[in-house]
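J.:
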Amino acid sequence: MTTPEILAGRPTPLGASFDGDGVNFAIFSQHAQSMHLCLFDEHGIETARLVMPERDGDIWYGRVPGITPGQAYGYRASGPFSPRDGHRFNPAKLLLDPYAHRLTGHPTWNDALMGGVEAPDPRDSARFMPKGVIEDTTYDWGHHEAPRTPLEESVFYEAHVKGLTKRFPGIEHAGHFLGLASDPVLDHLTKLGVTAVELLPVQAFLNDRFLVKKGLVNYWGYQTLGFFAPEPRYLSHGRLWEFQYMVARLHSAGIEVILDVVYNHTCEGDENGPTFSFRGLDNRAYYRLHEDKRYYINDTGTGNTVNIEHPMVMRMVMDSLRYWATTMGVDGFRFDLCSTLGRTRHGFDPNSAFFKAIRQDPVLATKKLIAEPWDIGPGGYQLGSYPTPFSEWNDQYRDGVRRFWRGDLGHVPVLADRITGSAGIFDHSGRHATSSVNLLTAHDGFTLVDVVSYNEKHNEANGEDNRDGHGENYSDNFGVEGPTDDAAINAARTQRRRNMLATLLLSQGTPMILAGDEIGNTQQGNNNAYAQDNEIGWLDWDAADPDFAEFTRRLISFRKSHPILRQKRFLHSIARKVDGVIDLFWWRPDGTEMTRADWTNGHLHVLCAEFRMASGTPLYAQREEAIYVAFNAGGAVELSLPVLTDGFHWVRHIDTAEPELSAEPVGTTYAMKAESVIALVEEPA
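Residue numbers (my numbering): 302 to 986.
Spelled out as structure tokens, the structure:
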């Protein structure tokens with residue numbers, strides 16, 4: 302076979318770029334002494350090893366004429382192996398291009414993948430490594446338009462591509478992107494009324510060695526292998542267009558696509574981990590290292606931390622985000638352990654280079670940006686500290702709502718703040734109430750059914766002797782751990798689920814629903830199903846509860862119909878500038894206003910509020926009169942309703958104790974049942 306010729310090429314763009322008559326290769330390494338491009342045939346056999354002929358600053362580049370999409374490739378980098386200085390170059394290790402648009406698969410675990418700890422490992426890793434694949438990334442989007450749903454109108458739906466679709470009845474390509482794009486799945490999502498799917502990681506990720514040894518896999522995907530490549534296991538035909546087609550189909554149904562992305566660490570672990578890409582290309586540039594540079598700073602709990610302060614690493618992250626936003630068409634990002642991305646040498650900084658870069662970017666600044674507002678490093682918990690336009694996962698909403706409905710003492714004031722957008726956390730610096738992404742459940746933790754069915758986690762299937770996962774879930778099993786045939790307990794559990802879901806969708810902020818909660822899905826008490834690519838992690842559609850799904854649909858529809866429930870501005874019980882009307886009242890059950898003594902009464906279990914349009918709401922905004930909501934975690938109570946002006950009356954739309962009831966006018970009082978939620982709307986008589 303004739304050895305391909307490599308020419309000078311161009312230093313931009315980074316990655317492998319097909320130009321119609323060949324491919325330009327460009328890769329960053331600040332400290333390498335030489336760089337080789339390796340080409341492979343369809344059997345994974347290395348057919349050429351070409352010296353990259355040009356270097357512009359820290360970019361190594363060259364162009365190979367005649368090769369086309371489908372060509373597999375990788376790199377070998379030569380340089381010092383000096384762990385004390387932070388260098389771990391080893392040309393025996395085949396390295397993935399960080400910008401590769403597609404991978405051939407996953408690493409096959411073998412000791413040859415290890416680069417060496419104190420001395421370079423001489424074994425060639427190529428036959429155990431996936432390769433990058435040249436791709437033509439163009440896609441005919443047709444007359445495609447993204448939904449661009451305003452945040453205040455959004456209802457997020459967190460889902461796992463495989464978990465959502467693997468057992469979905471009557472679809473092809475179950476467990477894949479194309480399965481998520483199928484008519485039955487889209488029909489379920491559109492009928493439910495969600496506006497965006499927030500997908501667990503879909504960038505290529507690793508099956509950790511310790512999991513493979515136990516017969517498990519990395520199911521969730523929080524171990525990124527390639528920041529530009531879709532996860533191979535979700536591709537039915539191994540082509541990029543499958544992801545793009547999924548996005549186009551979801552957009553045509555009015556549903557946005559938000560990706561959970563992991564830029565805080567990579568899958569290479571600590572100094573004892575494998576060499577797949579970044580460590581071998583330039584360990585000292587890609588990772589944050591201790592003063593003794595043999596060791597990695599570990600603010601993420603995974604063994605390493607990406608060095609976002611390095612300009613070329615920052616460029617990679619920004620290029621990756623723009624690629625998914627433009628070429629792949631996605632609408633936003635949820636940043637895993639986002640505090641790490643805001644870290645400087647002095648700790649977390651909301652004005653760090655990362656936040657400045659993303660906020661000034663004309664593409665990314667218009668996308669939905671959601672922070673997981675913590676990491677495990679010092680000062681890592683930063684809920685409420687992120688700059689506009691970031692929203693944040695609000696775990697305090699989750700815990701406060703769970704504890705109120707469990708009956709914990711003193712949680713009426715907590716619930717009051719949570720249902721009004723957690724103003725005590727977010728109402729500063731011109732931020733909106735939508736900054737709070739309100740959640741009851743997420744992939745990490747119990748499902749909604751399990752919150753009301755288990756007092757303890759049951760993670761034995763993970764093979765860690767039940768040591769993993771959250772220990773405090775603020776859950777309540779109603780006296781029986783797990784499933785039961787007791788009809789009264791099952792009815793009480795269903796009622797509690799309705800109460801919690803109603804609380805979520807009646808709250809100011811941006812609601813997020815965990816996929817499967819609407820159909821009563823359980824994970825059998827496993828609150829850390831990260832390795833459960835099986836019936837524990839997959840949604841059980843055969844056991845779906847259609848009544849609860851319909852109740853969820855009604856709640857979402859009610860929220861969408863009433864702008865009072867989805868305001869950007871916070872409610873603070875102050876007079877509106879436009880008409881002097883107070884925007885929020887807190888009522889006692891007897892119809893009088895709450896007093897300081899009421900707020901400090903730890904045994905109070907009823908919260909009643911009257912929501913109106915917020916102070917400062919413009920006259921041109923969609924307006925309505927008032928919504929009265931009540932949350933009762935105690936016994937039955939007679940409510941005296943606020944007096945309305947002539948020509949108006951209260952109309953009951955939601956009562957979780959009687960979910961089948963239709964809208965109906967009520968009088969001046971309302972007999973509220975124990976353990977329930979109601980929502981009344983002021984309407985013309």
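For every residue, glycine included, the Cβ atom is placed at its ideal position computed from N, Cα and C.
If you draw a straight line from the C-alpha of L395 to the C-alpha of W842, how long is it?
T.: If I take the Cα positions, the gap works out to 43 angstroms.
J.: Buried or exposed for T957, going by 16 or more other Cβ atoms inside 10 Å?
T.: Burial call: buried.
J.: DSSP three-state call for S858: helix, strand or coil?
T.: It is helical.
J.: Quick check: the segment 696 to 704 against the segment 731 to 749, are there 3 or more CB pairs under 8 angstroms?
T.: Verdict: yes, contact present.
J.: On a CA-only basis, which of S553, G480, P531 is nearest G443? Give me that one, please.
T.: Nearest option by C-alpha distance: S553.
J.: Strictly by DSSP, which residues pair up with C568?
T.: Note: C568 sits in no beta bridge, so no partner.
J.: If I'm right that P431 touches L414 with Cβ under 8 angstroms, what's the distance once you round it to whole angstroms?
T.: In fact, because the Cβ distance is near 11 angstroms, the residues do not count as touching under 8 angstroms.
J.: In whole angstroms, what separates the C-alpha of D357 from that of N584?
T.: Taking the straight line from one Cα to the other gives about 20 angstroms.
J.: Can you name the start and end residues of the beta strand (DSSP E) that F319 belongs to?
T.: First-last of the beta strand (DSSP E) with F319: 316 to 319.
J.: Taking a contact to mean a Cβ-Cβ separation below 8 angstroms, would you say N519 touches G570 in this structure?
T.: No, Cβ-Cβ distance for N519 and G570 is not below 8 angstroms.
J.: Starting from the Cα of P714, find the closest Cα among F949, G685, T896 and give me that residue.
T.: Comparing Cα-Cα distances from P714 to each of F949, G685, T896, the minimum goes to T896.
J.: Just curious, the beta strand (DSSP E) that E557 is in, first and last residue?
T.: Segment 557 to 562, the beta strand (DSSP E) holding E557.
J.: Under a three-way DSSP split, which group does M629 fall into?
T.: Correct three-state label for M629: coil.
J.: Contact defined as beta carbons within less than 8 angstroms: I believe V638 pairs with E673. What is the distance between those atoms, to the nearest angstrom?
T.: One point to set straight first is that residue 638 is Leu, not Val, in the sequence displayed. About 6 angstroms; that satisfies the 8 angstroms criterion.
J.: Which of the three DSSP states, helix, strand or coil, is assigned to G432?
T.: In the sequence as displayed, the identity of residue 432 is Lys instead of Gly. DSSP places K432 in coil when its eight states are reduced to three.
J.: Using CA coordinates, which residue listed in P966, F326, E355, S736 is at the minimum distance from V434?
T.: Cα-wise, what sits closest to V434 is F326.
J.: Specify, as a first and last residue, the run of the alpha helix (DSSP H) that Y546 falls within.
T.: Unbroken alpha helix (DSSP H) run through Y546: 542 to 553.
J.: Evaluate contact between the segment 878 to 898 and the segment 497 to 507, counting only Cβ atoms and requiring at least three cross-stretch pairs below 8 angstroms.
T.: Counting Cβ pairs under 8 angstroms, fewer than three are found: no touch.
J.: Please classify P812 as buried or exposed, where buried requires at least 16 other C-beta atoms within 10 Å of its C-beta.
T.: Burial call: buried.
J.: In its own chain, which residues sit with a C-beta less than 8 angstroms from the C-beta of G323, not counting the 5 before and 5 after it?
T.: Hits under 8 angstroms: R364, V365, P366, G367, I368.
J.: Since G783 and S736 are thought to touch, with beta carbons under 8 angstroms apart, how far apart are those beta carbons, to the nearest angstrom?
T.: Actually they are not in contact, since the Cβ atoms of G783 and S736 sit about 37 angstroms apart, beyond 8 angstroms.
J.: With a floor of 3 residues, list each beta strand (DSSP E) that falls wholly inside the segment 923 to 982, ordered by position along the chain.
T.: Listed in chain order, the complete beta strand (DSSP E) runs (minimum 3 residues) inside the segment 923 to 982 are 928 to 933, 938 to 941, 949 to 956, 970 to 973.
J.: Could you pull out every unbroken beta strand (DSSP E) segment of at least 3 residues lying fully inside the segment 444 to 486, listed in chain order?
T.: Counting only runs of 3 or more, we get 457 to 460.
J.: Between which two residues does the alpha helix (DSSP H) holding K514 run?
T.: Where K514 is concerned, the enclosing alpha helix (DSSP H) stretches over 510 to 514.
J.: Which of the three DSSP states is assigned to L840 in this structure?
T.: L840: coil per DSSP, three-state reduction.
J.: Start and end of the alpha helix (DSSP H) containing I726?
T.: It spans 724 to 727 - the alpha helix (DSSP H) in which I726 sits, taken as one unbroken run.
J.: When you compare the CB positions of P305 and A349, do they come within less than 8 angstroms of one another, or not?
T.: Contact: yes.
J.: Are there 16 or more other CB atoms within 10 angstroms of the CB of T576, so buried, or fewer, so exposed?
T.: So T576 ends up on the buried side.
J.: Roughly how many angstroms separate the alpha carbons of D484 and E819, rounded to a whole number?
T.: One C-alpha to the other measures close to 19 angstroms.
J.: How is D357 classed by DSSP in three states: helix, strand or coil?
T.: It is a strand residue.
J.: Could you tell me the alpha carbon to alpha carbon distance between T969 and H904, rounded to whole angstroms?
T.: Between T969 and H904, the C-alpha separation is close to 26 angstroms.
J.: Can you check whether the CB of L885 is closer than 8 angstroms to the CB of F912?
T.: Going by C-beta atoms, F912 is nearer than 8 angstroms to L885.
J.: Measuring only the C-alpha atoms, how far is K869 from A549?
T.: Taking the straight line joining both Cα atoms gives about 29 angstroms.
J.: Can you tell me the Cα-Cα spacing of S335 and H344, whole angstroms?
T.: Distance between the alpha carbons of S335 and H344 is about 27 angstroms.
J.: For R635, which three-state DSSP category applies?
T.: Correct three-state label for R635: strand.
J.: Taking the CB atoms as reference points, tell me whether I307 and P354 lie closer together than 8 angstroms.
T.: Yes. Within cutoff.
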